[in-house]
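4 protein chains.
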Amino acid sequence: MKLWQKGIDVDKQVEDYTVGKDHLLDQRLVPYDCRASIAHARMLAKIGILSKKELHDLEVGLTGILSLHGQGDFTITKEDEDCHTAIERHLTDSYGETGKKIHTARSRNDQVLIAIRLYEKDALDTISSRMTSLQEALAKLVAAYGNTPIPGYTHMQKAMPTTIGCWLGSYILSLEDTKGLLPGIFSMVDQSPLGTAAGFGVPILKIDREMTAKELGFSRVQENPMHAQLSRGKTEGAITHLCSQASLDCNRLATDLILFSTPEFGYLRLPEKFCTGSSIMPQKKNPDVLELARANYHVVLGEQAKIQGIIGNLMSGYNRDLQLTKEPLFNAIDMTLSTLSIMSLVVSGLVIDHEACKKAMTKELYATEEAYKLVKKGMPFREAYREIARRM
Amino acid sequence: MKLWQKGIDVDKQVEDYTVGKDHLLDQRLVPYDCRASIAHARMLAKIGILSKKELHDLEVGLTGILSLHGQGDFTITKEDEDCHTAIERHLTDSYGETGKKIHTARSRNDQVLIAIRLYEKDALDTISSRMTSLQEALAKLVAAYGNTPIPGYTHMQKAMPTTIGCWLGSYILSLEDTKGLLPGIFSMVDQSPLGTAAGFGVPILKIDREMTAKELGFSRVQENPMHAQLSRGKTEGAITHLCSQASLDCNRLATDLILFSTPEFGYLRLPEKFCTGSSIMPQKKNPDVLELARANYHVVLGEQAKIQGIIGNLMSGYNRDLQLTKEPLFNAIDMTLSTLSIMSLVVSGLVIDHEACKKAMTKELYATEEAYKLVKKGMPFREAYREIARRM
Amino acid sequence: MKLWQKGIDVDKQVEDYTVGKDHLLDQRLVPYDCRASIAHARMLAKIGILSKKELHDLEVGLTGILSLHGQGDFTITKEDEDCHTAIERHLTDSYGETGKKIHTARSRNDQVLIAIRLYEKDALDTISSRMTSLQEALAKLVAAYGNTPIPGYTHMQKAMPTTIGCWLGSYILSLEDTKGLLPGIFSMVDQSPLGTAAGFGVPILKIDREMTAKELGFSRVQENPMHAQLSRGKTEGAITHLCSQASLDCNRLATDLILFSTPEFGYLRLPEKFCTGSSIMPQKKNPDVLELARANYHVVLGEQAKIQGIIGNLMSGYNRDLQLTKEPLFNAIDMTLSTLSIMSLVVSGLVIDHEACKKAMTKELYATEEAYKLVKKGMPFREAYREIARRM
Amino acid sequence: MKLWQKGIDVDKQVEDYTVGKDHLLDQRLVPYDCRASIAHARMLAKIGILSKKELHDLEVGLTGILSLHGQGDFTITKEDEDCHTAIERHLTDSYGETGKKIHTARSRNDQVLIAIRLYEKDALDTISSRMTSLQEALAKLVAAYGNTPIPGYTHMQKAMPTTIGCWLGSYILSLEDTKGLLPGIFSMVDQSPLGTAAGFGVPILKIDREMTAKELGFSRVQENPMHAQLSRGKTEGAITHLCSQASLDCNRLATDLILFSTPEFGYLRLPEKFCTGSSIMPQKKNPDVLELARANYHVVLGEQAKIQGIIGNLMSGYNRDLQLTKEPLFNAIDMTLSTLSIMSLVVSGLVIDHEACKKAMTKELYATEEAYKLVKKGMPFREAYREIARRM
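Note that the protein sequences, when read in sequence, are chains D, E, H and P. Heads up: take any position in the first sequence, counting from 1, add 1, and you land on the working numbering. Heads up: take any position in the second sequence, counting from 1, add 1, and you land on the working numbering. Heads up: take any position in the third sequence, counting from 1, add 1, and you land on the working numbering. Heads up: take any position in the fourth sequence, counting from 1, add 1, and you land on the working numbering.
Below, the structure written as structure tokens:
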């Protein structure tokens with residue numbers, strides 16, 4: 002039975018449509034809901050809604066769910082709708098009336114919000130550390146091959162000399178720029194919505210929101226309950242944007258690597274164990290992994306578009322539309338994390354062909370340098386430029 | 002073992018990343034691959050590559066897979082990568098060498114393309130018939146309540162009188178406009194890529210592409226093999242655009258229905274069995290189903306953005322990026338189909354509050370009519386307009 | 002004075018914000034509004050609202066505006082708001098009361114709609130003929146160099162042999178697919194909204210909508226006035242999607258051309274007069290024009306996203322939001338037209354380096370062919386594949 | 002003559018296509034290029050490339066351009082291509098050889114980058130202060146009407162009691178969240194690219210990048226020249242995302258205001274001087290300004306999509322595609338700034354209808370409170386919920 006059912010059956014097709022994939026998506030939220038529920042129960046005990054015994058039972062019950070989940074044994078059925086109902090049902094099955102009391106002084110709205118935020122804080126930390134890993138993988142390559150010269154390109158045409166160090170180093174710095182976006186987004190997430198209930202607070206009861214915020218590691222309480230609702234989707238849009246920026250770094254790097262590993266360029270190659278073949282062409286060793294890393298940027302952008310589209314033109318206060326921001330958020334985070342990982346792996350295995358690089362350092366790359374030699378001798382730059390252009 | 006393996010192991014993480022969700026997504030393609038494989042096998046028999054016995058075995062094998070799939074018993078493992086490998090493996094398990102021969106004169110590229118196109122043709126037909134169902138549901142409501150007057154709005158402010166019939170009739174016509182986009186898209190899909198192999202045709206062997214095209218119900222062969230590759234993603238973008246147009250019709254209708262079913266407007270109500278409640282507020286009967294129909298438009302737009310983003314800036318010929326157009330295509334189609342269905346259901350159950358509609362027909366709605374009465378008596382429209390404005 | 006002013010001044014900042022760029026954007030709509038206004042005036046004369054003399058004056062006035070516009074001398078000021086007001090003001094300045102009568106039995110809503118649709122029909126025709134021109138330019142190149150062999154690529158790695166003819170021919174066919182989308186979209190545009198007024202028709206007066214529709218070359222009247230409003234933005238989304246498909250063809254072709262004109266690939270080159278240089282590097286000859294053609298695809302996608310985003314979650318009936326679909330529509334059309342033109346020009350000037358192409362036909366391109374030779378001799382394909390893979 | 006011309010004429014149509022709208026768009030960059038050019042000239046003087054006299058001439062020349070621009074008298078012609086060429090041409094016209102020397106040790110690439118970043122820093126500051134103004138306007142309204150009760154809504158259905166203070170206060174806080182994103186983005190912008198030339202630094206000459214960075218108020222030098230190129234578009238994507246977040250706050254607020262000012266809700270009204278009328282309906286007072294504020298969110302999202310789309314799948318190093326990120330950046334910033342301003346104005350003028358608000362406080366809004374009264378008396382929440390549901 003749903004948390005909100007009053008005895009009238011909901012049409013089966015309507016039920017399927019509204020539940021959507023929540024019972025599948027919500028698996029990842031189980032531990033976060035359990036943590037939040039424990040904190041909520043402790044607060045309820047503190048203000049006298051739950052007895053010590055009741056609190057103990059709920060803590061045991063929720064800890065049990067956590068370990069079931071850890072073993073892959075906590076299932077959310079379509080009838081449960083989502084993880085929040087599944088958890089409450091589980092507690093009610095085990096402890097009857099006590100299980101029912103856990104929902105006092107909260108609404109599914111703030112319950113969902115708090116679980117998602119706890120998840121988001123973890124996700125942001127993981128994205129950050131994966132970016133660091135990719136930076137480290139790049140730094141190792143720079144340490145090993147940094148001075149190897151390669152042509153620098155503009156307009157995909159040879160331009161001026163550069164080095165493996167400068168080229169790969171630019172990606173380390175670009176990732177650093179992406180990281181710089183993190184604190185602002187983290188701070189948006191890092192405010193506890195627990196206790197805002199359905200967006201208008203909890204009437205009558207005096208709850209202790211500071212206590213739950215502190216217990217769950219939030220730096221502050223989100224005081225205004227309508228603000229909690231207004232920030233749903235907005236926060237997810239910002240996180241997805243971060244994902245798009247990290248994915249962009251990977252997209253650009255993958256684009257370079259695909260190009261530089263063609264035989265026509267030939268500056269590097271992927272180890273064979275990272276390549277896949279063709280079902281019809283015996284000779285093929287394909288950089289599929291990089292092509293997918295490249296494509297995933299656009300997937301993340303699509304998820305960003307979904308979230309930012311869904312939340313537009315909506316009246317304030319909770320609207321069910323917001324449910325559909327969950328899947329694109331999860332997907333954007335998953336794609337970003339797996340792409341960052343795979344890029345670290347690929348970068349670690351890259352083989353730079355030093356000879357091919359050197360061979361590619363043809364004379365037109367030095368035209369600018371030649372012009373500046375004339376400048377050094379006193380010729381105005383514009384004249385030196387035309388002089389060298391004539392010589393090419 | 003993959004179709005393209007040559008004895009070198011692919012890194013496990015790379016394998017996971019490249020396979021992605023294909024083994025899950027591809028379930029829906031199993032029947033289409035089987036149909037295409039049967040047609041391909043018959044053609045191979047006709048040109049002498051397969052013996053009668055071999056053809057018979059493959060037909061039995063593929064028909065068996067079709068019925069396994071129908072019972073939900075055909076599984077694609079992560080090791081299989083996708084449905085195409087799973088099907089070939091199944092045939093090889095059953096018929097040894099014969100199973101291996103099915104891949105003669107095709108590549109996984111055209112195998113994927115043909116299966117997806119067969120699926121797409123079915124999907125387009127289903128979208129079309131679901132649009133018709135929604136039109137019929139709307140027409141029934143128009144037949145029943147067509148003459149009931151309601152205020153017409155511009156800028157969300159009362160403007161001029163209209164009727165339930167005019168209002169809902171406009172959605173019937175908008176869906177008709179959407180249907181008008183279908184033939185052009187269908188025709189893009191309706192060309193057989195089977196035999197284009199990896200995008201450069203099949204060397205040496207003389208295959209009969211007309212035969213397979215005809216057997217599979219395509220109106221023509223896609224002659225140029227590079228064209229087959231170039232149309233991948235492009236076609237999916239067009240289909241997803243169609244989905245977005247059908248979803249837009251639903252989005253606009255849902256927006257009206259949500260607004261008109263607020264107590265403040267009150268022109269209609271959803272039957273309770275279509276409503277869901279709140280976990281904290283006992284009185285709530287919420288139009289969640291319509292909010293999700295509204296939000297799904299943005300999900301479909303996000304899928305369109307993914308597909309159209311992925312295929313940009315790609316060199317011609319197959320690129321692995323294209324694999325990632327599959328999930329957004331499937332998701333856009335699923336969301337569109339389920340939203341069209343749910344809208345038909347909701348429309349069928351709608352209750353129009355005739356009294357509330359009549360009561361809302363207040364005098365400012367007739368201001369334009371009053372002005373035109375003065376025009377009829379000979380006053381220039383601009384003067385009549387100002388005269389009536391003064392009286393309001 | 003605005004068409005709708007009643008004596009209360011509108012705040013200046015509000016006025017600036019609401020007028021936006023319409024007075025600039027609307028230049029292109031002037032001839033279409035004049036044509037529609039003439040048809041409207043004739044209809045008003047036919048039903049007795051205008052006298053013969055009045056009709057004559059208006060026809061002379063509107064024809065005068067048309068020729069002023071043709072000479073670049075018809076200006077729309079910010080005070081006019083848009084072309085529709087500017088035209089009416091011009092008529093009123095010249096003919097007093099008669100000028101005011103032109104607005105009888107129409108609203109700015111249907112006036113805008115009819116002008117935009119007339120423009121759109123022209124734009125769709127022009128897009129179609131520019132696509133044909135690009136196809137013709139490609140066909141000429143195919144006629145000249147069609148048999149020149151080039152490597153076919155998958156995953157940006159050499160795959161199998163192909164030819165200039167097959168490669169460029171695939172773009173001719175892709176453009177043909179794009180053209181196939183046109184009739185459905187054209188038909189959506191090709192219904193006359195004139196007479197739907199503000200979305201609820203014209204009260205009291207008996208207007209002749211068939212007459213104006215026929216005079217303006219529409220194949221049918223858009224009967225339901227709310228449908229006329231509902232199709233605004235929806236139609237523009239479909240047109241912009243067409244633009245994105247034509248731009249995609251250009252994007253993919255430009256991507257190939259940029260790559261193939263790098264010295265590393267070297268299969269072709271752009272004539273110098275199509276190249277631009279660098280302000281610092283004397284040797285550079287850059288394919289800027291192709292890079293911009295590539296980038297414009299994403300610009301068009303952005304315009305599509307704007308239009309499809311703006312119209313979501315809007316109540317039916319006119320909403321001012323729709324005004325903002327005009328600029329992205331115009332921009333998408335302009336970018337598509339200029340990109341198609343520039344691609345025709347570039348393709349016409351391309352120089353294929355026959356020798357470089359031949360030299361690139363290295364042996365791995367024939368691996369599949371070798372495998373099929375073994376198949377022809379009786380070896381199962383999978384074995385032949387592994388045999389050839391071993392030999393590479 | 003272009004900065005890069007060598008004597009071969011560029012095709013006129015190619016020139017038009019490549020220049021695009023830069024000569025119009027670049028007006029706003031003129032002061033920033035002048036400032037950067039002055040700093041660059043001073044550095045060139047310091048390292049001995051320019052004499053004191055030459056520096057003096059250039060400073061006078063650039064200051065002159067600044068004041069011409071301030072009077073609206075500095076024009077950039079299509080032949081100039083962009084502001085950078087126009088400024089150099091102006092200097093060369095005035096000072097001959099000296100004018101030509103200004104381009105020593107820089108490329109148009111870093112010249113464009115530095116001017117855009119200076120502009121971006123200003124734009125970010127202005128966005129921030131406009132957000133503060135809107136917060137202040139909201140705070141004034143809260144101070145005046147904060148305690149007025151209004152219904153809180155979920156699913157657009159009456160949910161629980163709230164107040165004007167809580168409702169509008171939530172927007173103040175949401176804007177604060179948006180501001181929290183600023184420092185990370187500002188820091189990405191706040192690194193000086195001057196001296197990175199075409200993305201590979203300046204050969205031969207020893208330039209002083211710290212000096213120009215400091216003179217122009219940058220907190221640090223962007224050391225790695227390839228990083229400077231890699232951050233182009235990426236930075237603009239981040240800024241546009243900020244714009245989308247600020248525009249979202251306006252979109253949501255506008256949506257509420259439009260709804261609450263319908264007669265059906267009636268909680269507030271816009272002063273007439275902010276409303277516009279209809280050309281056909283004499284009674285209309287429409288909230289066009291809010292509808293455009295709502296729609297502009299989607300315009301900004303479209304600009305974000307353009308920028309993030311353009312930069313994907315591009316090889317590192319400068320690509321001309323990047324030129325097309327300029328217009329969407331400018332447009333997103335302009336739309337955000339004007340929307341923030343207009344919202345401040347509208348909020349300042351809002352009239353709350355205290356009586357209508359009070360009248361809307363119907364009993365179902367207190368159902369949750371009633372349930373909690375039963376909880377207070379000892380009934381488990383789930384039972385209290387069902388009890389109150391029965392009573393409604």
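Every residue gets a Cβ at the ideal spot worked out from N, C-alpha and C, and that includes glycine.
For the alpha helix (DSSP H) assignment, the uninterrupted runs of no fewer than 4 residues enclosed by the region 103–158 of chain P are, from N- to C-terminal side, 109–146. Below the 8 Å Cβ cutoff, chain H contributes no neighbours of tyrosine 33(P), its closest Cβ being approximately 18 Å away.
Contact annotation, alanine 306(D) with alanine 306(P): C-beta distance approximately 7 Å; criterion of less than 8 Å satisfied.
Taken in chain order, the whole alpha helix (DSSP H) runs of length 4 or more contained in the region 7–52 of chain H are 13–20, 23–26 and 31–47.
Assignment of glutamine 284(D) by DSSP, reduced to helix, strand and coil, places it in the coil class. Under the DSSP assignment, glutamate 216(E) falls in the alpha helix (DSSP H) whose first and last residues are 210–216. Here serine 171(P) is not near isoleucine 103(P), since their CB atoms are 8 Å or more apart. Within the same chain, Cβ atoms closer than 7 Å to the Cβ of alanine 357(P) are found at Gly267 and Tyr268, the five residues on either side in sequence being excluded.
Taking 8 Å as the CB threshold, threonine 263(H) lines the interface with chain D. Taking a C-beta distance under 8 Å as the contact criterion, isoleucine 353(E) and isoleucine 165(E) qualify as a contact pair. Within the DSSP bridge table, the entry for threonine 163(E) names Ile151(E) as partners. Around leucine 315(D), the same chain offers Asp322 as residues with beta carbons nearer than 7 Å, after the five sequence neighbours per side are excluded. Pairing proline 194(P) with arginine 118(P) gives a Cβ-Cβ distance under 8 Å. At a C-beta separation below 7 Å, tyrosine 386(D) has these neighbours in chain H: Pro283. With respect to the 8 Å criterion, serine 220(H) and aspartate 257(H) are not classified as neighbours on the basis of their beta carbons. Rounded to the nearest angstrom, the gap between the Cα atoms of leucine 69(H) and lysine 47(H) is 27 Å. For the pair of segments examined, the region 48–64 of chain D was found not to touch the region 109–125 of chain D: the number of CB pairs separated by less than 8 Å stays below three.
Proximity of methionine 157(P) to chain E, defined by a Cβ-Cβ separation below 8 Å, is satisfied. Residues of chain D with a Cβ closer than 7 Å to the Cβ of isoleucine 259(H) are, in chain order, Met157. Proline 226(D) and aspartate 111(D) have their C-alpha atoms some 9 Å from each other. For glutamine 305(E), the uninterrupted alpha helix (DSSP H) segment begins and ends at 289–311.
For alanine 306(H), the chain E residues whose Cβ falls inside 7 Å of its Cβ are Ala306, in order along the chain. Listed along chain P is no residue with a C-beta nearer than 7 Å to that of alanine 124(H); the closest approach is about 19 Å. With respect to chain H, the C-beta atom of glutamine 72(P) has no partner C-beta closer than 8 Å.
Within the region 299–377 of chain P, there are no complete beta strand (DSSP E) runs of at least 3 residues. In the structure shown, the three-state DSSP call for serine 193(H) is strand.
The three-state secondary structure of arginine 270(E), taken from DSSP, is strand. Around the beta carbon of glycine 218(E), a 10 Å sphere encloses fewer than 16 other beta carbons of the protein chains shown; the residue is thus reported as exposed. By the C-beta criterion, the region 136–151 of chain E is judged not to be in contact with the region 181–189 of chain E, since fewer than 3 inter-stretch pairs fall below 8 Å. Excluding five sequence positions before and after alanine 361(H), the CB atoms of its chain that fall closer than 6 Å to its own CB belong to Pro152, given in chain order.
Here threonine 76(P) carries a coil assignment [DSSP, helix/strand/coil].
Taking the CA atoms as reference points, serine 279(D) sits about 28 Å from proline 264(H).
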